[in-house]
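At the far end of the sequence shown sits residue 297, using numbering that gives the first Met the number 0, and the numbering has no gaps.
Every residue, glycine too, gets a C-beta built ideally from N, C-alpha and C.
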Amino acid sequence: MSDLLTGARGEVYGPRAVRLTDDLTVLRVLPQRERRTVGAWCFLDRYRADEQGPSGALDVWPHPHIGLQTVTWLFSGEVRHRDSLGNDQHIRPGELNLMTAGAGISHAETSMPRGVLHGLQFWIALPDRERLRAASFEHHASLPVVDLGGALARILIGELRGKASPASAFSPLVGMEISATRSGVVRVPLEPSFEYALLSTGSALAVNGARVDDVKLLYLGSRRERVEIEMESGALAFLFGGEPLHEPVLLWWNFVARTHEEMIAARNAWEHSGRFGIVAGFGDRRVPAPPLTMRLRP
């Protein structure tokens, strides 16, 4: 059960711990039982290796995805991405890895021994008209920055105040890291037709008097023209949102689909066919699909 506080100020949700590998436990912030999506954003994990002792390395063998985009964002550390399209890309803080799974792709992620690993991974559900598109991968080493007066907003996807990210988006949405350059109130303009959520990533924040502790998610809803965030100097937050997703979406394992039958087909393809390609350098090592023992419904 999620930790949920509701009211006119918004809804605050707490994360749950999920064992990702033998060495790494992540905090899963989205989906929540009461809040499955924020715009097309449908999944959010936060990982931080220094909370897990001498282990905590990210070492995820090849695994498949369909129907989504993965967004990888680091605050510290370094991760190597390899995929079945032949991409081999390191990502560092301030850079964006964006993988569009479409009809199917497989990839692997490995942390490098450079600094403490601390980052976020999001999934964005592709709209029905785009979810069977060819897989692709983008790395953006430079992203636009907007000075908010007391904080800088780095735009990963979408746009703010006329500055647009070069990253591909297939539905109206936005995602940005906000870093406070001094203590005080940061005012961020919003698109009223979007719904938004704010993640605290390192220290407590406050929005309209509502305290948002580390790794808590404040759902802001829609019909807002701006949000005012009280931040201490050096604090970090992540603001994301988009037009509400008015499509039924199923999430299971590493797949985003529309029907149970589509999930079964994707699972069988990973286990018994070459639909998802091969990630070089891993030989026979791969993440096996878990059994699908229940019927999935939107």
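Relative to the C-alpha of R18, which candidate in P92, A48, G38 and A179 has its C-alpha closest?
A48
Once the 5 residues before and after V286 are set aside, which same chain residues still bring their CB inside 6 Å of it?
W60 and H62
On a CA-only basis, which of A134, R128, G118 and K215 is nearest L73? Give me that one, please.
G118
Inspect the beta-carbon positions of D44 and Q120 and report whether they are closer than 8 Å.
Yes, Cβ-Cβ distance for D44 and Q120 is below 8 Å.
Who are the near neighbours of M0 in its chain, counting only those whose CB is closer than 6 Å to its CB and skipping five residues on each side?
At M0 the pLDDT is 31, less than 50, meaning the model places this residue with poor confidence; the figure from the coordinates comes in the next sentence. Nothing meets the Cβ criterion.
Buried or exposed for M262, please, with buried defined as at least 16 other CB atoms from any protein chain shown within 10 angstroms of its CB.
buried
Within 10 angstroms of the Cβ of V115, are there 16 or more other Cβ atoms? Answer buried if so, exposed if not.
exposed
Write down the C-beta distance between D213 and S232 rounded to the nearest angstrom, noting that I regard them as a contact closer than 8 Å.
Not really, about 16 Å apart at Cβ, beyond 8 Å.
Could you tell me the distance, in whole angstroms, from the CA atom of L217 to the CA atom of D283?
Cα to Cα, the separation comes out at about 42 Å.
Give the straight-line distance between the Cα atoms of V11 and V144, rounded to the nearest whole angstrom.
27 Å
So, helix, strand or coil for M98, using DSSP?
strand
V82 to L67, Cα distance in whole Å?
First, the residue type needs correcting, since residue 82 is Asp and not Val in the sequence shown. If you take the alpha carbons of D82 and L67, they lie about 15 Å apart.
Between which two residues does the alpha helix (DSSP H) carrying H106 extend?
Note, H106: premise wrong, no alpha helix (DSSP H); beta strand (DSSP E) at I104 to S110.
By Cβ distance, which residues of its chain are closer than 7 Å to D2, with the 5 residues on each side in sequence left out?
Unreliable positioning characterises D2 in this predicted model, as indicated by a pLDDT of 42, which lies under 50. A coordinate reading is not provided.
Who are the near neighbours of P243 in its chain, counting only those whose CB is closer than 6 Å to its CB and skipping five residues on each side?
E194
Can the beta-carbon of H64 be found less than 8 Å from the beta-carbon of N267?
no
Between the alpha carbons of A264 and L291, how many angstroms are there, rounded?
The straight-line gap separating the alpha-carbon atoms of A264 and L291 is approximately 11 Å.
Using the beta-carbon count (16 or more within 10 Å), is T5 buried or exposed?
Because the pLDDT at T5 is just 39, under 50, the model does not fix this residue reliably, and the point stays unresolved.
Considering only C-alpha positions, which residue in the set G280, S192 and L57 is nearest to S110?
L57
If you drop the 5 nearest sequence neighbours on each side, which residues of the same chain put their C-beta closer than 8 Å to that of E224?
P188, L189 and P191
Going by beta-carbon coordinates alone, are S105 and G273 separated by less than 8 Å?
No, they are not a contact pair.
Is the beta carbon of T69 sitting closer than 8 Å to the one on I90?
no
Using a 10 Å radius around the Cβ and a threshold of 16 neighbouring Cβ atoms, would you call G280 buried or exposed?
exposed
Who are the near neighbours of G201 in its chain, counting only those whose CB is closer than 7 Å to its CB and skipping five residues on each side?
Contacts found: D213, A234 and L235.
Rounded to whole angstroms, what is the Cα-Cα separation between A16 and R132?
33 Å
What's the call for P112, buried or exposed, on a 16-neighbour Cβ count within 10 Å?
exposed
Which of the three DSSP states is assigned to I154 in this structure?
DSSP, reduced to helix, strand and coil, places I154 within a strand of the structure shown.
For E137, I'd like the list of residues in its chain whose CB is within less than 7 Å of its CB, leaving aside the five on either flank, ordered along the chain.
The beta carbon of E137 sits closer than 7 Å to the beta carbons of L97, A166 and S167 from its chain, once the five residues preceding and following it are set aside; these are given in chain order.
Ends of the beta strand (DSSP E) at E227?
R225 to M230
Tell me, to the nearest whole angstrom, how far the beta carbon of W122 is from that of F237; I am working on the premise that it is less than 8 Å.
The pair is not a contact, with the Cβ atoms about 14 Å apart (cut-off 8 Å).
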